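Working notes, structure below.
Numbering (my numbering), first residue to last: 1226 to 1583.
Have a look at this one:
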């Protein structure tokens, strides 16, 4: 149930989409959910006595299962009238279901042009980009992560207009070439499934991936996910990434993260800025609100002119949390131009932040 829940429709005019399909197949139990944009199919082991199918209200079934003891088996039977009898120990529930014929048919996962990618790397790339996706539904092309495959390299890009994340890894076959915008919903579920189930069941060790003009599909050991792609053209993000690097400094990632979090305490909840001042041998970090003021400093190697810029501290924290290196390189040109965050010694992950007025 946990695996298929994210594809269920929270707001829908079709009541059947609040149900999930449960069906026996090859002596296993198949669970299917969809909101007509995304669908999930998951197979689970079970002791199947007779073949059958039924759709059931997902929320109510989840509530019932959470109320039952974890150490006891659950038995389900479907009578001729479509009523499901659920038994666990001495507990018994009767739930009215609907026939499989009422449920939307999930598109089949086509293996014709599918290719394999390492699950852990895929989950890591999603993790490093999905947090900077826009939640503004009026800019729908920014509501997903832009994928580009070319010459064996898969690049993922996301932006909300004020910050941008880019990561590239050599994980796709050299003959694969595509540009698509993948919705956040399926990426969130992909990452969660690989991380949560991978260690227990080997789920997502290798992911079979297929991409066409309007659909993307992921297939793992026991789970298949299919989603429509977002239509439209992703903005030219390359022009946002600083090419000139007039000022470059290297700082400890954890140290800058800690000092930014402290300064953010003085900003409050109204979206204020934290001011960063580069001066000889130090980086000053200052913030203030009507009731709180913070002044802090980090030592670093810098012998250039004084440079000052202000940023949303939440964006800086997000960038630093996703940099795995002990050291982070900051590249700047002017107080009104974007700043580039990169792991020192590597450029496969880049994060760009637009400055604010202090």
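Cβ coordinates follow ideal geometry from the N, Cα and C atoms, glycine included.
Predicted model only: the values in this text are computed from it and were never measured.
Which whole-angstrom value is the C-beta distance of residue i and residue j, which I expect to be below 8 Å?
i	j	result
residue 1171	residue 1563	Outside the shown range of the chain (1226 to 1583) lies residue 1171, about which nothing can therefore be said.
residue 1283	residue 1323	Not confirmed; about 12 Å, so no contact.
residue 1501	residue 1536	7 Å
residue 1397	residue 1382	With a Cβ gap of about 15 Å, residue 1397 and residue 1382 do not count as contacting.
residue 1447	residue 1267	6 Å
residue 1485	residue 1499	6 Å
residue 1271	residue 1253	7 Å
With a CB to CB cut of under 6 Å and the five nearest residues on each side skipped, what residues in its chain are close to residue i?
i	result
residue 1559	none
residue 1540	1388, 1578
residue 1489	1538
residue 1380	1373, 1393
residue 1482	1545
residue 1258	1229, 1232, 1233, 1245, 1265
residue 1512	1488, 1491, 1492, 1499, 1519
residue 1313	1293, 1297, 1299
Note down, in chain order, each residue of its chain lying with its Cβ closer than 8 Å to the Cβ of residue i, except the 5 sequence neighbours on either side.
i	result
residue 1474	1503, 1508, 1525, 1526, 1527, 1554, 1555
residue 1547	1352, 1353, 1356, 1390, 1574, 1576
residue 1243	1233, 1234, 1237, 1282, 1283, 1284
residue 1304	1310
residue 1552	1475, 1476, 1477, 1478, 1568, 1569, 1570
residue 1307	1279, 1321, 1322, 1323, 1324
Closest by CA to residue i, which one among the options?
i	options	result
residue 1385	1413, 1462, 1300, 1404	1462
residue 1440	1263, 1250, 1259	1263
residue 1292	1277, 1401, 1311	1311
residue 1420	1350, 1501, 1506	1350
residue 1344	1259, 1433, 1383, 1257	1433
residue 1334	1443, 1580, 1550	1443
residue 1561	1328, 1581, 1543	1581
residue 1331	1261, 1300, 1275, 1346	1261
residue 1340	1406, 1492, 1435	1435
residue 1470	1565, 1570, 1273	1565
residue 1411	1368, 1404, 1377	1368
residue 1298	1477, 1551, 1401, 1273	1273
residue 1505	1520, 1493, 1518, 1533	1533
residue 1600	1521, 1308, 1346, 1519	The chain is shown only over 1226 to 1583; residue 1600 falls outside these bounds and no answer can be derived.
residue 1413	1377, 1450, 1551	1450
residue 1227	1275, 1252, 1287	1287
residue 1395	1472, 1476, 1377	1377
residue 1338	1438, 1308, 1271	1438
residue 1550	1492, 1302, 1478, 1321	1478
residue 1348	1302, 1418, 1253	1418
residue 1542	1557, 1480, 1523, 1301	1480
Within the same chain, show all residues whose beta-carbon is closer than 7 Å to that of residue i, passing over the 5 residues directly before and after it, in chain order.
i	result
residue 1365	1455, 1457
residue 1289	1311, 1318
residue 1431	1341, 1343, 1344
residue 1401	1340, 1374
residue 1521	1484, 1487, 1488, 1510
residue 1329	1259, 1261
residue 1405	1372, 1436, 1441, 1454
For residue i, does the count of other Cβ atoms within 10 angstroms reach 16, so buried, or fall short, so exposed?
i	result
residue 1240	exposed
residue 1317	exposed
residue 1363	exposed
residue 1336	exposed
residue 1295	exposed
residue 1399	exposed
residue 1516	exposed
residue 1326	exposed
residue 1530	exposed
residue 1359	buried
residue 1279	buried
residue 1567	buried
residue 1321	exposed
residue 1497	buried
I'd like to confirm something about residue i: is its beta-carbon nearer than 6 Å to some heavy atom of the ligand SAM, or not?
i	result
residue 1280	For the ligand SAM, the structure offers nothing, since it holds no ligand at all.
Compare the C-beta of residue i against all C-beta atoms of chain D and say whether one is closer than 7 Å.
i	result
residue 1536	Of the protein chains in this structure there is only one, and it is not chain D.
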